[in-house]
């Protein structure tokens, strides 16, 4: 599936819920299915700066696709990174770099987060795209 198709699927899933309490519960569930980062990658280097909670992200190139794993010490944050990883993992770095992230606004995520969590969300997206840039450089 393309990034756009996955994002549309996520928007459809979130539109099934009537209120934000249900959406938060769904995000917590998504966090439980997060591809977990290995303990050895839970280092300072892999912590996303700008997040209120601790969020670790690791990226590896498998063939020509980037695969992300992550973890967080907060359940909502774990759900947020799970959404992003679902959209961007197992994709080509160039596609991640070029990807639009307006699906975040479509599900209304940013406006329902505290300002510090919203900043953390922006930092997570930025970090995933930075990994993509680094690996795209290696592929060139």
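Numbering (the UniProt record's numbering), first residue to last: 1 to 140. The C-beta atom is built at its ideal place from N, Cα and C for all residues, glycine as well.
With contacts defined by Cβ atoms closer than 8 Å, residue 121 and residue 96 do not form a contacting pair. Note on geometry: alpha-carbon atoms of residue 127 and residue 12 lie some 25 Å from one another. Inter-segment contact for the stretch 15-27 and the stretch 37-46 is absent: fewer than three beta-carbon pairs are separated by less than 8 Å.
The beta carbon of residue 84 sits closer than 7 Å to the beta carbons of 124, 125 and 128 from its chain, once the five residues preceding and following it are set aside; these are given in chain order. Using a C-beta cut-off of 8 Å, the stretch 47-57 makes no contact with the stretch 90-107, since fewer than three inter-stretch Cβ pairs fall below that distance. Taking a 10 Å sphere around the C-beta of residue 63, we find fewer than 16 other C-beta atoms and assign the residue as exposed. Runs of the alpha helix (DSSP H) lying entirely within the UniProt domain "Fe-S metabolism associated" (11-129), each at least 4 residues long, are 20-32, 75-88, 93-98 and 103-106 in chain order.
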